[in-house]
Amino acid sequence: MSKQIVIGVDGGGTSTRVALANERGEILGIGKSGAGNYHDVGVEAVGLHIEEALAEAWQASGKTSQQADAIFLGLGSVASEQDRSVIRQLAEDHRLARNGNIGVDHDLRVALAGGLVGKPGIILIAGTGASCFGKTEGGRAWRAGGWGHLLDDVGSSGWLGLQSMIAVVRESDGRGKPTVLSPRVFEALEIEDINRILYRVDSVGITRREMGTLAKLVTQAAAEGDEVSQEIIATGVDELALLIATVAEQLDLAAALETIPVAVTGGLVKAGTVFMEPLRAAVRRRSPQCEIIAPKLPPVMGAILIALQSLGIAPTPEIVANLAEYQAVHQ
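In structure tokens form, the structure reads like this:
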């Protein structure tokens, strides 16, 4: 019977994933619940979502729930020491780990830890938001993007969703090109015509989930050859490539690595070649030494690796293989 259990948490704008593992990196259970960004949904809701996902993970494990020996939480809402303090207090209040062995940081850190399993390089998250993070062999780190939908997030699913609505209103008054997006956006927003879009956006509001639905309309239309949608994606991926180039330059990774690995994660990866091929091309133009790769492990398993390290357990090939085996079977 395993003596040590760790918890890994990955929380973003739309969902929270929690994993349980033993000291050998064997996954005991994984659970999923709602959003993990406390700036959006509040601390109480994030605590509830973590508890729900954790309960699901314990149920999957077939074991009785208990305090873990260590927990690491990587959440999209963490950008400052105050944020870390808020989430640490949340974990303490919920008694998630014994002896106060609680680690907290932004979701980029766990994404990088999983994506490159401790190796130097870059992680790009292209999901509800858009952000990039890199680390050198010596541990120096740099972050770019992730400033939220009002100030940044160009190239994210939220931004694609916004651009779909902008394209529709511009077509309607003659400033924009014709696009197949218009009737599809109307249907998604459940409005009859363009004259109801202001009411829908300003009075009713648009949820993150709805923005994600609109983003899918853009990628689907682009795959069908819609020029406006293709231009939206081209603009978005060029900005994502700029994030990558900026991190690589700030860390001078080109001087240390012949090829700079860039793992890409987030919901937009699921769009497939219509998004990933333009992204690869944009990265090649801006940063020839950078190479887009699939993450070795998902972010929640990156959180597991960091939690294990807090107990003095290094990410050995056996541990990484155990995590990868679970991922291969359950992805």
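Each number in the working numbering comes from the position in the sequence shown (counting from 1) with 28 added on. The beta-carbon is built from N, C-alpha and C at its ideal position, and this holds for glycine as well. All figures in this text were calculated on a predicted structure; none of them were measured in a lab.
Contact check for A81 against A125 fails: the beta carbons are separated by 8 Å or more. Take E120, set aside five residues on each side of it, and the residues of its chain with a beta-carbon closer than 8 Å to its own are G128 and I130, in chain order. Comparing alpha-carbon positions, the option among G264, P343, D181 and V246 lying closest to G104 turns out to be D181. Apart from the 5 residues on each side of it in sequence, R236 sits with its Cβ closer than 8 Å to the Cβ of G41, T42, A63, D68, T156 and G186 in its chain, given in chain order. As summarised for the region 214-265, the continuous alpha helix (DSSP H) elements at least 4 residues long and confined to that stretch are 236-251, given in chain order.
Residue state for K205 is assigned as coil, using DSSP reduced to three classes. Per the DSSP secondary-structure output, E319 pairs in a beta bridge with P289. It is roughly 16 Å from the alpha-carbon of L307 to the alpha-carbon of A243. The C-beta of Q191 has 16 or more other C-beta atoms within 10 Å across all chains shown, which makes the residue buried. At the C-beta level, I99 and V328 stay beyond 8 Å of one another.
Here the alpha carbon of D280 sits roughly 38 Å from the alpha carbon of G70. Secondary structure of L136 (DSSP, three-state): helix.
A residue is called buried once 16 or more other Cβ atoms fall within 10 Å of its Cβ, and K163 is buried on that count.
With 16 or more other Cβ atoms inside 10 Å of its own Cβ, H134 counts as buried. Spanning the alpha carbons of I35 and A49 requires a straight line of approximately 7 Å. Of the residues G146, G174 and A154, the one whose Cα lies closest to the Cα of P343 is G146.
In this chain, the beta strand (DSSP E) harbouring D38 covers I33 to G39. A straight line joining the alpha-carbon of E199 with that of I222 spans about 10 Å.
Around the beta carbon of Y354, 16 or more other beta carbons sit within 10 angstroms, so the residue counts as buried. Annotated as proximal: L245 and R212, with beta-carbon spacing under 8 Å. Residue pairing from DSSP places V46 in a beta bridge opposite V37 and G59.
Membership of L82 in the alpha helix (DSSP H) is indicated by the continuous run V71 to S89. Checking the DSSP bridge columns, you'll see W170 partnered with G162. Residue range A98 to L103 is occupied by the beta strand (DSSP E) that includes A98, with no alpha helix (DSSP H) assigned at that position. With a 10 Å radius around the Cβ and a threshold of 16 neighbouring Cβ atoms, Y227 comes out exposed.
In terms of Cβ geometry, L140 and G330 form a close pair [threshold 8 Å].
Within the same chain, L188, V246, T247, A250, V302, F303 and P306 come within 8 Å of I261 by CB-CB distance, once the 5 residues on both sides are set aside. Within its own chain, the residues whose Cβ lies closer than 8 Å to the Cβ of D254, once the five positions on either side in sequence are excluded, are T207, V208 and L209, listed in chain order. Short of 6 Å from the beta carbon of Q258, and not among the five residues preceding or following it, lie these beta carbons of its own chain, in chain order: A250. In the assembly as shown, W175 is an exposed residue. Its beta-carbon has fewer than 16 other beta-carbons within 10 Å.
Between the C-alpha atoms of V348 and E267 there is a straight-line separation of about 32 Å. When the five nearest sequence neighbours on each side are left out, the beta carbons in the same chain lying within less than 6 Å of the beta carbon of Y66 are those of V74 and S105, in order along the chain. Around the beta carbon of S93, a 10 Å sphere encloses fewer than 16 other beta carbons of the protein chains shown; the residue is thus reported as exposed. Per the C-alpha coordinates, the member of V132, Q87 and A169 positioned closest to S113 is V132.
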